[in-house]
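Report on the structure given below.
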Amino acid sequence: MQLFKSARALTSVIKNIKPLKTIGFVPTMGCLHSGHLKLVKAAMHENDVVVVSIFVNKRQFNNSSDFEKYPKTLESDLELLKTVGADIIVYTPESADELFSPTFNTIDVNLHGIESRLEGEHRPGHFQGVIDVVHQFFTQVQPTRAYFGEKDFQQLAIIRQLQSEHFPTLEIKGIETSRSQSGLALSSRNTRLSEQGLTLAAELYKSLTLISENYKELQQTIVTQEIKRLSALGFTIDYISVANENTLKVVIEYRNDEPLRVFAAVFIEDIRLIDNVLIKA
Ligand code: AMP
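When you line the sequence shown up against this note's numbering, it's residues 319 to 599, in that order.
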């Protein structure tokens with residue numbers, strides 16, 4: 319495993335790899351779990367060289383205490399990565415200065431309104447922060463393919479837009495959400511939940527599955543019912559909404575010519591969790 323903490327050291331190695339080999343890139347914020355490893359394994363399968371970045375990007379946090387409390391577990395992250403590949407390149411920028419020059423402003427991407435819906439509405443500035451950091455990583459790592467999880471489905475849609483405007487030769491790969499046995503989507507934030515909170519969190523997936531299976535017949539009724547049920551169990555709901563998976567526009571009735579997904583953001587024990595499930599046609 320090679321570990322780089324500076325942009326200069328990383329880019330000098332990339333310069334030698336790039337003309338000869340394909341590079342698969344997996345950006346992460348660390349506190350790695352088997353959901354992240356699924357992305358890394360897909361990258362290893364399809365590329366000659368794999369770069370994993372570990373960096374908690376302050377620009378994408380609209381809540382400073384959430385940023386400060388974000389779990390940092392570099393030693394165990396490196397151990398976990400070693401179990402899947404001995405020759406993975408890990409890039410952990412020592413500070414934001416490795417990514418952003420003093421004159422860096424923001425990256426312009428036309429997102430056709432996607433950025434203002436769902437997560438965008440509830441976390442102002444979040445997606446601009448994601449775009450800025452991912453743009454800088456893509457520029458430094460120069461990947462052939464980059465891997466993102468469907469768990470952050472709206473983020474994936476935004477990254478596809480960034481790719482089409484700024485990185486035309488790059489391929490973006492979306493990877494299905496990894497879940498625990500209870501159905502709970504794996505997330506670094508789950509480590510902050512108590513045992514009771516973890517058990518409760520599994521109810522979210524039950525609700526999303528119920529909505530997915532019954533939306534065609536019951537439409538908004540099943541969504542309202544599940545919001546009520548989860549609220550009564552102790553969840554605080556930011557949103558549970560059915561939306562078109564391409565435009566992220568919220569819909570209120572089923573149409574069989576539209577690809578639909580149910581999206582959720584909820585709080586348990588003050589921890590914000592997100593998830594989404596495809597609506598069955
Ligand atoms: P994060 O470290 O949370 O920023 O996540 C890094 C990447 O891993 C993102 O592309 C996430 O969508 C992806 N990811 C996180 N959790 C999961 C999961 N449970 N299943 C699949 N991908 C995931």
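All residues carry an ideal CB built from backbone N, CA and C; glycine is no exception.
Quick caveat, the model's predicted, so the values are computed rather than measured.
* With the ligand AMP as the reference, list in chain order each residue whose Cβ lies under 6 Å from any of its heavy atoms. => 346, 347, 353, 354, 356, 357, 466, 467, 469, 470, 493, 495, 496, 503, 504, 505, 506
* To do: Closer than 6 Å by C-beta to residue 557: which residues in its own chain qualify, once you throw out the five before and the five after it? Chain order, please.
  => 583
* How about residue 319 and residue 400: are their beta carbons less than 8 Å apart? -> yes
* To do: Out of 417, 371, 379, 422, state which residue places its alpha-carbon closest to the alpha-carbon of residue 408.
  => 371
* To do: Kindly indicate the opening and closing residues of the alpha helix (DSSP H) around residue 406.
  => No alpha helix (DSSP H) contains residue 406, which DSSP labels as neither H nor E.
* Asked: Taking buried to mean at least 16 other C-beta atoms within 10 Å of its own C-beta, is residue 499 buried or exposed?
  -> exposed
* Using the C-alpha atoms, what's the distance from residue 506 back to residue 516? -> 12 Å
* Give me the Cβ distance between residue 569 and residue 576, rounded to the nearest whole Å; I'm assuming they're in contact under 8 Å. => 7 Å
* How should residue 472 be labelled, buried or exposed, when 16 other C-beta atoms within 10 angstroms of its C-beta is the threshold for buried? -> buried
* Can you give me the start and stop residues for the alpha helix (DSSP H) that residue 478 sits inside? => 471-484
* To do: Please determine if the region 475-490 and the region 330-337 are in contact, where contact requires at least 3 C-beta pairs separated by less than 8 Å.
  => no
* **Residue closest to residue 469, alpha-carbon to alpha-carbon, out of 325, 340, 341, 356** => 356
* Using three-state DSSP, classify residue 556 as helix, strand or coil. => strand
* Asked: Leaving out five residues before and five after residue 452 in sequence, what residues of the same chain have Cβ atoms less than 7 Å from its Cβ?
  -> 345, 477, 480
* Among all the DSSP beta bridges, which residues are the ones paired with residue 346? -> 372
* Asked: Where residue 491 and residue 331 are concerned, what is the direct C-alpha to C-alpha distance, given to the nearest angstrom?
  -> 24 Å
* Asked: In this structure, what does DSSP give as the bridge partners for residue 594?
  -> 581
* **CB contact flag (residue 462, residue 342, <8 Å)** => yes
* With burial defined as no fewer than 16 other Cβ atoms inside 10 Å of the residue's Cβ, what is the status of residue 411: buried or exposed? -> buried
* Asked: Any idea if residue 552 is buried or exposed, counting beta-carbon neighbours within 10 angstroms, 16 or more meaning buried?
  -> exposed
* Throw me the rounded Cβ distance for the residue 464 and residue 488 pair, which I believe falls under 8 Å. => 6 Å
* Could you tell me the distance, in whole angstroms, from the CA atom of residue 402 to the CA atom of residue 321? => 15 Å
* How big is the Cα-Cα spacing for residue 536 and residue 418? -> 49 Å
* If we call anything under 8 Å between Cβ atoms a contact, is residue 530 one with residue 436? -> no
* **Contact check, residue 395 vs residue 328, beta carbons under 8 Å** => no
* Asked: Around the Cβ of residue 326, are there at least 16 other Cβ atoms within 10 angstroms (buried) or fewer (exposed)?
  -> exposed
* Which residue from 502, 362, 438, 413 puts its Cα closest to that of residue 566? -> 438
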